[in-house]
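Each protein sequence line maps, in turn, to chains C and D.
So the first sequence is numbered by the working numbering: it starts at 439 and just counts up by one.
So the second sequence is numbered by the working numbering: it starts at 822 and just counts up by one.
Even glycine gets a Cβ: it sits at the ideal position worked out from N, Cα and C.
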Amino acid sequence: MLRRAARYAQSGAEGLPALRRALDLLLREAPPRSCFRLLPCRAGERGARIGGRDIAGEALARALRGCGTAALICATLGQAADRLLARAQVQDMAWALMLDACASALVEEAAARALRGAAEAAGLCRGAATAPGYAGFPLGGQQALLDLIDARRRLGVAGTGAGMLVPAKSLLYVQGLRPPGAGRADAPDPAPPCKTCARRDCPFRREKNNDESEEERC
Amino acid sequence: MLKELGKRIVLLDGAMGTQLQARGLAPGELPETWNLTRPEDVQAIHEAYLAAGADVVTTNTFGANALKYGEDAAAVVRAGVEIARAAVRKAGRGLVALDLGPTGRLLRPYGDLDFADAVALYAQAAQAGRAAGADLALVETMSDAYELKAAVLAAKEAGLPVLATVTLDEAGRLLSGADVQVVAALLEGLGVMAMGMNCGLGPREMLRQMAALRAATDLPLLVQPNAGLPREEGGVAHYDVSPEEFAAAMAEICGAGAWMIGGCCGTTPAHIAAMAEACREIAPKPLPEKAGGPVVTSGSRAVDLSRAPIVIGERINPTGKPRLKRALRSRDIGLLQQEAVQQAERGADVLDVNVGLPDIDEEALLPEAVQAVQAVCDLPVQIDTASPAAMEAALRRCNGIPLLNSVSGKRESLEKVLPLAKKYGGVVVGLLLDEGGIPETAEGRVEIARRIVRAAEDLGIPRRNLVLDALTMTISTGSDNARVTLEALRRCKQELGVRTVLGVSNISFGLPQRETVNAAFLTMALAAGLDAAILNPMSEAMMRAFRASLALTGADAQCSRYIAFAAEEQPGPGTQSAPGPLPAQSPAQPARPAADTTPAEGLSRAVEQGLKDAALACTQACLDAGEAPLRVIEGQLMPALDRVGARFEAGTLFLPQLLMSAEAAKAAFALLQAHMSRTGGAPEKKGAVVLATVQGDIHDIGKNIVKVLLENYGFDVVDLGKDVAPETVLAAVQAQGIRLVGLSALMTTTVRSMEQTIALLRREAPDCRVMVGGAVLNEEYARRIGADFYGKDAMASVGYAQRLFSREGEGA
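Encoded structure:
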């Protein structure tokens, strides 16, 4: 996780001590919280029905194809992280950069754990994960997912009018779950589909799904 | 019901949402729509709860607001109330509570819903509900203290008595971080009829929270648990606590002090019937005597003045601070936020916020200043103003319960300020002066104190919510002044039982070595019983005196805070206010230049290596050696920054190091500017640039990085913040004749706002250039939306600004 944070901060190994301090601060003042919900799903051509609600998105349909259950997960560092980041930007921008990078990596780690936890709770294998805003999954579906998982009540996470998740260090994913033996699963941890994105010089670009990922065979 | 409260347990109803689902509410269907489409089903649920024994039914309006229902919101609310009224009429008994739940959005600064807009949303529902015949309002399932304030305020202003409940986690906190003490202070201040908790937890889990809740407030308690924790099966939530188990737990909750009980998710009429059977005859426990206090809060932190004396940081006050005056006049909130953070780090417990300047609109600026402080700091604030209008504007918008500085014994002041505290909550600082001025004797001041206490209590403000200021007068104009102040302080505490505050540093005005006198006076005042000291937390002498005095007066158990303070204190001057993010690019550097290095060389090296302390030390050494500040800037700082920038562009130095260098340069600049303010002369500014994150976008770290670098390179930056409407950008450009705007956006949806902003500027301010940046942009897209320049990184933006302004300077 710290290696990923260093990449986000555009820093090398010399940044690790500062990132560790950032991690300590976040774990103390803004520890990650997550929740999940398992819902019946059925993939269509251009979207899917999850928990009785139709949500558009070809990427969503692809992720849920062949799966009878969708795991919705939400993870956040809460308002405390936003306040720490705002404070850091007033104090020292270099420190703010490290804190911001660490916070991003921390909430992604929390989301990945929640996805694994949801699959274990369901006794199912993990398929692909995707999120509103990724290519092929319009943001319009985000509010329905937030309502289905009751994110506002359970975690204090909401959407803005422009489709952002708030507090700022929050993530929302949908992952398909399959019964064991139903086939080889895709890479377990969610990642933006960077391969299809034209911005080659993006500092967040990933050519692989996850630095630490392994394919999971069920 | 109001007459029954305290005589018997009052019963509210159970869940509406799960009851509607049982009757066929479809996934994604908004429950409140049934008020219009299936009113008979809604009424049947109310009737079932009334038949089960509920005294109060809550309307099916939990999420009925204009965000979800648009123009139909009022109609949905009206229908909800009318249905409940019909059920009550049919039953021949009962009260109707208008149900107000969360809006579904987060309030600024974390979300995009402004506090005033949230109040307006709730006001629409509350007014429609009252007009339709609601007897009271139930504000429930709140997990954010700020949204809670918006809802309760709106309901009160609509004329409804208010019950308010929050959702606590197992640690007894809201999701926004507030604990029950924060919630209690807020709701007591706002004058709700009863407070408590609902949802999130089952009855056994809520029983465990009762002790903390009861200890936090002397208000009647309302408790509405779920029927256990939800168990998901096939995508449907099931609640497994039976009516009998629920009723047994609720009886214990009544034994723990609840006066009003009901049920939340998963409860049914059977649960309410069992609860009624088990609890109806229980005699409500007497309300406790309120101990401790007063309590002031932010949205997430409470400070109880009865626990130990506190420090109120005084630095956010433009008096005698030219840099802060300039910042306030140009609405540069960043400096104000820096002062807040630094004082918090140095041990302030509360932050005084004063923006009083003769030529600014205090009524507009003070609430903005309070919000800006609260965005970076979770300490409670003291709203400090002589203007009742500004005080009300700030108090209304403030998250939490602040100190209100101040009311005096003057009749006009009592009439204007005390009602504000009554309406919004607030702990009031009372100045012991009146129309006759400041009495010269302690007796004279105590007499004014009695009048202030009486006036407050006549309005229903208990004396525990008053903090009296016996007024510090300088001993340079009266050798008895300290004695009179301390005697008045002592007598206020002993005779009136109120807390006390003093602005300590006034004692030494006109004397040399002021800190020596101030520290001694502080010690004496604390020994006399001072509860709150308004002082400069950046003064080591004052903080040492404060910490030592607490240890000496027994207000610091085992001297633990003093020991921690002594361990943290750094010897000598130090302004490092944040942990050093990275080690230097070479091994550990000294804070002062090496003996064989000139201060100028040392400064260059310190900036290149990102060493803030060393940069400050070398800058001071340059000034001490008589170097002209402008020469230091042009000879050392700017060339060092240029070398750093070139290495960044060459890819041999990276963003964190660039920022460390920028921060080191910024610290050096600040020192040089302070010197130039005293001695005259200032570096020529290269030009002014407006920066903004566009409307709908709330991420601003990239924009703020550009800001730091532009300021380093001598540009004035007008930072409009985030989520900035196109019209606001245009207004800033037109008001100040701006020639360059920088816009940032993170998402494809918000890039549209960027395009709209550019189009508006092209039409209305065609001479203004626009540079853009952000994760979703590229060169081609930037051109397509009409931008003049795409900054792939922060330095590229700085380079563009430099080229643009130097071309303009050359008349190109």
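- Using a CB distance cut-off of 7 angstroms, A447/C counts as an interface residue toward chain D.
- Under the 7 angstroms criterion on CB atoms, M531/C is classed as interfacial with respect to chain D.
- If you check the CB distance, G485/C and L498/C come in under 7 angstroms.
- Ranked by Cα distance from E1102/D, the options L1581/D, G1076/D, S1119/D, A1037/D are led by G1076/D.
- H1092/D has its alpha-carbon roughly 7 angstroms from the corresponding atom of S1063/D.
- Between V1197/D and A1161/D the beta-carbon gap is near 6 angstroms, inside 8 angstroms, which marks them as a contact.
- Contact between the region 487-506 of chain C and the region 555-573 of chain C is present: three or more C-beta pairs spanning the two stretches fall below 8 angstroms.
- Non-local C-beta neighbours of S1360/D in its own chain, meaning closer than 7 angstroms and more than five positions away in sequence, comprise E1336, ordered along the chain.
- In terms of beta-carbon proximity, V1529/D lines the interface with chain C, with at least one pair separated by less than 7 angstroms.
- Taking every protein chain shown into account, the CB of K1528/D has 16 or more other CB atoms within 10 angstroms, so this residue is buried.
- Three or more Cβ pairs drawn from the region 1619-1628 of chain D and the region 1527-1543 of chain D lie within less than 8 angstroms of each other, which places the two stretches in contact.
- Beta-bridge analysis with DSSP links I493/C to A486/C.
- Taking 7 angstroms as the threshold, the shortest C-beta distance from Q948/D to chain C does not fall below it.
- Its chain contains V1510, V1538, V1619, A1622 as the residues whose beta carbon lies nearer than 7 angstroms to that of L1531/D, once the 5 sequence neighbours on both sides are disregarded; these appear in chain order.
- Distance check between A1617/D and each of I1526/D, L1332/D, L1252/D places I1526/D closest, using alpha-carbon atoms only.
- Going by beta carbons, L510/C and I587/C fall inside the 7 angstroms limit.
- Shown here, S608/C sits in a strand according to DSSP, grouped into three states.
- Judged by DSSP in its simplified three-state form, H1092/D adopts helix.
- One finds Y931, S997, G998 in chain D with Cβ atoms closer than 7 angstroms to the Cβ of Q517/C, taken in chain order.
- It is roughly 20 angstroms from the alpha-carbon of L440/C to the alpha-carbon of L553/C.
- Interface flag for R458/C against chain D is unset, since no Cβ pair is found closer than 7 angstroms.
- Uninterrupted beta strand (DSSP E) stretches at least 3 residues long and entirely within the region 1038-1125 of chain D occur at 1042-1045, 1052-1054, 1057-1059, 1079-1082, 1116-1118, 1123-1125, given in chain order.
- In chain order, L841, L846, D862, V863, N881 place their CB closer than 8 angstroms to the CB of W855/D, counting only its own chain and leaving out the 5 sequence neighbours on each side.
- Sixteen is the threshold: when 16 or more other Cβ atoms of the shown chains lie within 10 Å of the Cβ of T924/D, as they do, the residue is buried.
- Annotation: the continuous alpha helix (DSSP H) that includes T1500/D extends over 1476-1500.
- N1339/D is a Cβ neighbour of V1325/D, given a cutoff of 7 angstroms.
- Within the region 1536-1582 of chain D, the runs of alpha helix (DSSP H) that reach at least 4 residues and sit entirely inside it are, in chain order, 1547-1557.
- With contact defined as three or more Cβ pairs closer than 8 angstroms, the region 1130-1139 of chain D and the region 1170-1179 of chain D are in contact.
- Distance from the Cα of A1148/D is smallest, within the candidate group D1540/D, V1562/D, A1566/D, E1278/D, for D1540/D.
- In the DSSP annotation of this structure, I1137/D is not part of any alpha helix (DSSP H); the continuous beta strand (DSSP E) holding it starts and ends at 1131-1137.
- Separation of the CB atoms of L583/C and A596/C is rounded to 12 angstroms, and the pair is thereby denied contact status at 8 angstroms.
- When only Cα atoms are considered, L1424/D and A1436/D end up about 5 angstroms apart.
- Residues of the region 1092-1113 of chain D with a C-beta atom less than 7 angstroms from some C-beta of chain C do not occur.
- Pairing L928/D with V1267/D, the inter-Cα distance amounts to about 43 angstroms.
- The beta-carbon separation of L1287/D and I1269/D, rounded to 12 angstroms, does not stay under the 8 angstroms limit for a contact.
- At least one beta carbon of chain C lies nearer than 7 angstroms to the beta carbon of A1196/D.
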